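Novice: Chain order of the listed sequences is E, Y and S.
Following this note's numbering, the numbering of the first sequence begins with 23 at its first residue and continues without gaps.
Following this note's numbering, the numbering of the second sequence begins with 255 at its first residue and continues without gaps.
Following this note's numbering, the numbering of the third sequence begins with 668 at its first residue and continues without gaps.
Okay, handing you the structure first.
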Amino acid sequence: MMAKKQTKAKHVINREWCKGCGICVHFCPGNVLELDEWFKCFAARPDDCVGCRLCELRCPDFAIQVVVQSKQDQVA
Amino acid sequence: MAYDDYIRKRFFPHIWCPGCGHGIVLNALTRSLDSLGFDKNEMVMVSGIGCSARISGYVDLHSMHTIHGRALAFATGIKLSRPELKLIVPMGDGDALAIGGNHFIHAARRNIDITAIVINNRIYGMTGGQYSPLSGVGVRATTAPYSNIDPAFDVVEMATAAGATFVARTTTYHVREMSKFFQKAILHKGFSVVEVLSQCPTNFGRRNKAGDAVHMMESYKNGTVVAGSADDVPGSGKIRRGVFVEKTAPEYCDEYARIIRVARKGA
Amino acid sequence: MKNKTAFIQGNEVCARAAIYAGVGFFAGYPITPSTEIAEFMARELPKRQGTFIQMEDEISSLCAVIGASLTGCKAMTATSGPGFSLMQEALGYAVMAEIPCVIVDVQRGGPSTGLPTHVMQGDVCQARWGIHGDHAIVAMTASGNQELFKITVDAFNIAETYRTPVILLLDIPSEGEIEVVERLRTAVKQGVDFHPYLPREDGRLPMSDFGGVHRYNVTGLFHDMWGFPSDDPQVVHGLLRHLADKINNNVDNIARFKEYYLDDADLVLVSYGSSARSALHLVESRRRRGEKYGLLELQTLWPFPHSIVREKCANARYVAVVEMNLGQITKEVKEAVDRPERVYLLNRIDGVYITPTDIRNMLRVIQGRGV
Ligand SMILES: Cc1ncc(C[n+]2csc(CCOP(=O)(O)OP(=O)(O)O)c2C)c(N)n1
Ligand code: SF4
Ligand code: SF4
Ligand code: SF4
C-alpha cells in the first residue's frame, strides 16, 4: 500500500491572535483542526494534513502557519 | 521576505471581529506584495474611514488613514506628484461608493495608476449596520428596519463604464484567486479595481440570517461562478467572478508628463 | 461605554421631541454618535406618513432636507463633527434662502475623525462661524434629557418663526406642555403677486409651499423680494442686514437659559450641555455648606445672550466658565461682563466628561487655595 500522506506538516498557532472564528476548522480538507474549550484553534489530527495551507491563507487573524516538510527533508 | 514581514505585528491582534473578511483581504494582500517583491518604500496605502479602512494601519508600507470617502482623492495627489510610487487604496463599500462615489468614478475616468480594492460587505460595519449602496433590495439594516428599497450598484459594471482599465471580482473564500487578482491589478498600468465580496458577520450576517463567517463564506463558494466557465450560464442566479476588463489606455500621470514636455518645449 | 448609553438616550429624546414638534422628513448619513437618531426616524417616520432617507453623504443629506422643507414639511438631519463640516455649504444656503430646518450635531472629540465615541464641546464656534460670509445663526444645547426635549421642540419653533436653520449641539446625548409653532404660511391668494422674501413689519416672512399656488425662485445668491438673484448694492445691503437683524434683534426671544441660586451668588459658574450638570452638582453641594455659588446654564449659545450674561454675572466676585473645549464660550462671556479679568476658564479637553471634583479642584486654584 502507498503511504497515505506525502507530507509532514507542523501547525504553528498564535493563540494570542486566534479569535476562534472557525474558518480554518470548517474548510480544512483533511479535517485536521479543531477549536479547544477556549475557542482557540489547535491541530487535533496533524498527520491527516495534506499541506494545502488553505487554513493559513484564509485565517483573518494571521494566527496559523503551516510549516510543510517534504519526505526528503525528514530523511536528511 | 515572508508575507508577514508586510504587517506591523506590534498592532496585532487587530481590531476586527472574529471571522471578519477584512483580515482575509489583508492576508491575501500581504502575500501578493510578498510575491511581487517590490521595495516597501515604493508602496503607499491610502484608506478612508470604516472598518475596512483600518487595513492601512496594519501594513508596513507608507500608509495614510484619511477621511471618509476621500481616499482616492488623497491618493491622486500622492500619485500625481510622485508617479513612481505604487498606490493601493482599500475601501469599504460605503466609503468607496456612497460618500466616495464621485471620487471613484472620476479616478476611473482619468485612468490614473492606482489600485482600488472595494471590500464589499454590503453594509456599514463601523457605524453598526446601516445599509450601503451595495446592500441591495430586501436587505435588512438598522436604517432599513422594514427592508431596503435602494437598488444596488454593480461595482464591476460601474467601474467599467467609468473607464477603469482593469476590473475584477473575487471573494474571501477564493483566497488564491484574490491574491492573483491583487497582483495583476497592482502590476496593471492604469486605474484597477478589484471587488472582493467579504463577510461582516457582526452587522450583516446576524441581521440578515446569513449566519456566521463560515456560512457566509460557504455562500461565496456556492453562490458564485467563474465568468466564462461551463457553469456560467445566464439565469444561474450566481455572481460572476473573474477579470472582466484588462485593457490599455493612456494613463493619467503619463499624459501629464507629456503635457509637461509640451509646455517646456513651448517655453 | 457609559458615554455611549448617555448618547443613545439623548439621541432618542431628541428624535422623539422632533416627532412631537411635527418633523415630517429626515435625511442623514450614518455617523457615530448620532446614528440612533437616523435609526429612530427610519422606524418611526414611515408609521406617521413621514419620510426617511439615508443619503450618500452629509452634503446630500442637508440638501435633501432643504428641498423637503420647501415643500412645506418640517425637516431635519443629524450628524457629528466630520458630517457637520461637510454640511457647511448647504447650511449657508439655508441661511441665505431662509429655509427653516434643524441640524443636530452630536459633538464628538475633534478635529477630523477625532474621538468618535467620546464627548467634547468643540463645535461651538464652528456652529457660529463654520460657514463663510457674514451671517447670524441660532445654535442651542441642553444639559439633560428633560430640557433636551423642550429645546428640540424650541429649535423647530425658532426655525419656523425666524425662517432659519437652527443648529442643535448635543453632547449629552439627553415634559409638561410644550408649545409647537407651526409654519407661517402666506395668506396671499392665487394670482396675486407673492413676495417670498419681503419681511412683514415684525420681521417674519410667510412662506408658500413648493407645489402650492405660488411659484417663486429660491437661490443662494443675494436676491430681491421675489427671490430673484440681484447684485444691486441696495438689495445686497438690505438682505444681509435683514439676515443678521432677524436673529440679532431677537436675542432675548431666542435665548433659552436656566439659572440656579444666582440671586446672592458671589461665584457664578456659566456652563452648558453636560458640563452644566456637573456644575450644578457642585453648586448644590457648596450651597449645602453655605457657600454662595450659583449657576447660569446657557441653552441658546448663538446668538450669544450678552446682556443676559452681563446682568446675571453683575454681582459676582468670580465668574467661571465650565466647558469641554479650549474656551470657545469663555471668550464671549469675557466680552459680555463688565470686568473680564474676573472670568476664568475651567475645562477638560481629553474626551472625558468634566466632573464636579474637576471643577472644585480648578476653582481652588483660581481662588488661590491650592488643590
Ligand atoms: C463625513 C463622515 N460621515 C460619516 C462618518 C461615519 N462613518 C464612519 S465609517 C462609515 C461607513 C463604514 O462602512 P463601509 O465604508 O462600508 O466600511 P466597513 O466599516 O463596512 O468596512 C461611516 C458612515 C464619517 N467618519 N465621516
Ligand atoms: S481561522 Fe485563524 S482566527 Fe479563525 S479559528 Fe482558525 S486560526 Fe483562529
Ligand atoms: S494545510 Fe490544509 S490540510 Fe493542513 S491543516 Fe491547513 S487546511 Fe488542513
Ligand atoms: S463590524 Fe463587520 S466589518 Fe467591522 S470589524 Fe466587525 S465584522 Fe468586520
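Cβ coordinates follow ideal geometry from the N, Cα and C atoms, glycine included.
Computed from a predicted structure; not experimentally measured.
(1) Which residues in chain Y have a C-beta closer than 9 Å to the C-beta of residue 731/S? List them in chain order.
(2) Residues in its own chain within less than 8 Å of residue 723/S by CB, not counting five upstream and five downstream?
(3) Taking the DSSP output, what are the residues bridged to residue 423/Y?
(4) Taking 7 Å as the threshold (beta carbon to beta carbon), is residue 57/E in contact with chain Y?
(5) Spell out a yes or no on whether the stretch 792-805 of chain S and the stretch 1004-1017 of chain S are touching, meaning 3 or more CB-CB pairs, one atom from each, closer than 8 Å.
(6) Leaving out the 5 sequence neighbours to the left and right, which residues in its chain are closer than 7 Å to residue 433/Y when beta-carbon positions are compared?
(7) Can you say whether residue 784/S is buried or exposed, counting buried as having 16 or more other CB atoms within 10 angstroms of its CB?
(8) Say whether chain Y places a C-beta atom closer than 7 Å to the C-beta of residue 41/E.
(9) Tell me, please, whether the CB atom of residue 711/S is closer than 7 Å to any CB atom in chain Y?
(10) Answer yes or no: the CB of residue 381/Y versus the heavy atoms of ligand 4, is any distance below 6 Å?
(11) Taking the C-alpha atoms as reference points, what is the distance between residue 1029/S and residue 725/S?
(12) Apart from the five residues just before and just after residue 985/S, which ones in its own chain have a Cβ nearer than 6 Å to its Cβ?
(13) Suppose contacts are defined by Cβ-Cβ distances below 7 Å. Is residue 88/E in contact with residue 33/E by that definition?
(14) Given residue 691/S, which residues of its chain have a CB within under 6 Å of its CB, disregarding the five upstream and five downstream residues?
(15) Are the CB atoms of residue 417/Y and residue 362/Y within a distance shorter than 7 Å?
(16) Run through the DSSP bridge pairs and tell me what residue 61/E is partnered with.
(17) Within 7 Å of any Cβ in chain E, is that where the Cβ of residue 307/Y sits?
(18) Please list, in chain order, the residues of the stretch 774-785 of chain S that have any C-beta partner in chain Y closer than 8 Å.
(19) Entirely within the stretch 824-866 of chain S and at least 4 residues each: give me those alpha helix (DSSP H) ranges in chain order.
(20) Would you call residue 982/S buried or exposed, if buried means 16 or more other Cβ atoms sit within 10 Å of its Cβ?
(21) Using the C-alpha atoms, what's the distance from residue 507/Y back to residue 938/S?
(22) Just to confirm before moving on: does the CB-CB distance between residue 736/S and residue 767/S stay below 7 Å?
(23) Quick check: does the Cβ of residue 310/Y come within less than 6 Å of any heavy atom belonging to ligand 1?
(24) Going by alpha carbons, who is nearest to residue 787/S out of 744/S, 1024/S and 994/S?
(25) Could you have a look at residue 39/E and say whether DSSP puts it in helix, strand or coil?
(26) Taking Cβ to Cβ, would you say residue 394/Y is nearer than 7 Å to residue 462/Y?
(27) Starting from residue 368/Y, follow the alpha helix (DSSP H) in both directions and report where the run begins and ends.
(28) Between residue 624/S and residue 65/E, what straight-line distance do the alpha-carbon atoms span, to the nearest angstrom?
(29) Using a Cβ-Cβ cutoff of less than 8 Å, which residues in the same chain neighbour residue 53/E once the five nearest sequence positions on both sides are dropped?
(30) Counting only beta-carbon atoms, is residue 33/E nearer than 7 Å to chain Y?
(31) Identify the contact partners of residue 698/S in chain Y, using a Cβ-Cβ distance below 7 Å as the criterion.
(32) For residue 893/S, tell me which candidate among 859/S, 924/S and 915/S has the shortest Cα-Cα distance.
(33) So, is the C-beta of residue 265/Y closer than 7 Å to a C-beta in chain E?
(34) Run down chain E in chain order and give the residues with a C-beta less than 9 Å from the C-beta of residue 255/Y.
(35) Output the distance between the C-alpha atoms of residue 701/S and residue 834/S, rounded to the nearest integer angstrom.
(36) Between 975/S, 945/S, 951/S and 1035/S, which lies nearest to residue 1015/S when the distance is taken from Cα to Cα?
Specialist: On the basis of the supplied data:
(1) Residue 731/S does not reach chain Y, its nearest Cβ partner there being about 14 Å away, counting only Cβ pairs nearer than 9 Å.
(2) Taking C-beta separations shorter than 8 Å and ignoring five residues to either side along the sequence, the partners of residue 723/S in its chain run 696, following chain order.
(3) Looking at the DSSP output, residue 423/Y shares a beta bridge with 449/Y and 496/Y.
(4) At a cut-off of 7 Å, the C-beta of residue 57/E has no neighbouring C-beta in chain Y.
(5) Judged by Cβ distances under 8 Å, the stretch 792-805 of chain S makes no contact with the stretch 1004-1017 of chain S, as fewer than three pairs qualify.
(6) Same-chain partners within the cutoff: 282, 285 and 286.
(7) With fewer than 16 other Cβ atoms within 10 Å, it is exposed.
(8) Interface residue, yes.
(9) It does not; no Cβ of chain Y falls within 7 Å.
(10) Residue 381/Y Cβ: outside cutoff for every heavy atom of ligand 4.
(11) Near 39 Å, if we compare the C-alpha coordinates of residue 725/S and residue 1029/S.
(12) Residues of the same chain with a CB within less than 6 Å of the CB of residue 985/S, apart from the 5 flanking positions on each side, are 934 and 1009 in chain order.
(13) Yes, the pair counts as a contact, with Cβ atoms nearer than the cut-off.
(14) So the qualifying residues of the chain are 717, 740 and 741.
(15) It is a contact, given that the beta carbons lie within the stated cut-off.
(16) Residue pairing from DSSP leaves residue 61/E without any beta-bridge partner.
(17) By this cut-off, residue 307/Y is not an interface position.
(18) For the stretch 774-785 of chain S, which is checked against every Cβ of chain Y, the residues closer than 8 Å are 779 and 780.
(19) Complete alpha helix (DSSP H) runs here, min 4: none at all.
(20) Around the CB of residue 982/S, fewer than 16 other CB atoms lie within 10 Å, so the residue is classed as exposed.
(21) Going from the Cα of residue 938/S to the Cα of residue 507/Y covers about 54 Å.
(22) For residue 736/S and residue 767/S, yes; Cβs fall inside 7 Å.
(23) Flag unset: Cβ of residue 310/Y not near ligand 1.
(24) Nearest Cα to residue 787/S within the set 744/S, 1024/S and 994/S: 994/S.
(25) Note: residue 39/E maps to coil in three-state DSSP.
(26) Yes, these two residues count as a Cβ contact at 7 Å.
(27) Where residue 368/Y is concerned, there is no enclosing alpha helix (DSSP H), although the beta strand (DSSP E) it sits in stretches over 368-374.
(28) Here chain S has residues from 668 to 1038 only, and residue 624/S is not among them.
(29) Same-chain partners within the cutoff: 67 and 70.
(30) No, residue 33/E lies away from the interface with chain Y (no Cβ there is under 7 Å from its Cβ).
(31) Counting only Cβ-Cβ distances below 7 Å, residue 698/S has contacts in chain Y at 381, in chain order.
(32) Residue 893/S has its Cα closest to that of 859/S, out of 859/S, 924/S and 915/S.
(33) Interface with chain E (7 Å Cβ-Cβ cutoff): residue 265/Y is excluded.
(34) Among the residues of chain E, none has a CB under 9 Å from the CB of residue 255/Y; the nearest is roughly 15 Å distant.
(35) Put simply, the backbone Cα of residue 701/S is about 14 Å away from that of residue 834/S.
(36) Relative to the Cα of residue 1015/S, the nearest Cα in the group 975/S, 945/S, 951/S and 1035/S belongs to 945/S.
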